[in-house]
Every structure is written in structure tokens, then in C-alpha cells.
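Just below is one structure, and these are the notes that go with it.
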Amino acid sequence: YAMIDKLAKIGVIHKNKAANLKSGIAVYINKLS
Numbered sequence: 011y012a013m014i015d016k017l018a019k020i021g022v023i024h025k026n027k028a029a030n031l032k033s034g035i036a037v038y039i040n041k042l043s
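Next comes the structure, spelled out in C-alpha cells:
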């Protein structure tokens with residue numbers, strides 16, 4: 011998550027895209043557990 015936040019801060023990825031990535035990762039982690 012921190013890495014995604016950093017990328018969003020520098021503007022490498024859009025803030026909305028960062029939020030989408032985070033929710034996608036959360037869903038993925040939930041599937042694994």
C-alpha cells in the first residue's frame with residue numbers, strides 16, 4: 011500500500027487508480043485467506 015501511495019504522490023499513477031489498485035489488492039488478499 012505504501013508503495014502505491016508513493017507512486018500516487020509523485021504522480022506516476024492517478025489517485026483514483028491508486029484507490030482502485032488498493033481495493034483490488036484487498037479483494038485478492040481476502041480471496042487468499
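If you want our numbering, it's the position in the sequence shown, counting the first as 1, plus 10.
Here a beta-carbon is modelled for each residue, glycine too, at the ideal position from N, C-alpha and C.
Quick check on residue i: does DSSP put it in helix, strand or coil?
i: serine 43; result: coil
i: tyrosine 38; result: helix
Apart from the five residues on each side of it in sequence, which residues of its chain come closer than 8 Å, Cβ to Cβ, to residue i?
i: tyrosine 11; result: Lys32, Ile35
i: histidine 24; result: Ala18
So residue i packs on residue j, CB below 8 Å; how close in whole Å?
i: isoleucine 14; j: alanine 28; result: 5 Å
Here's a check: name, in chain order, each residue in its chain whose Cβ is nearer than 6 Å to the Cβ of residue i, leaving out the five neighbours to either side.
i: serine 43; result: none
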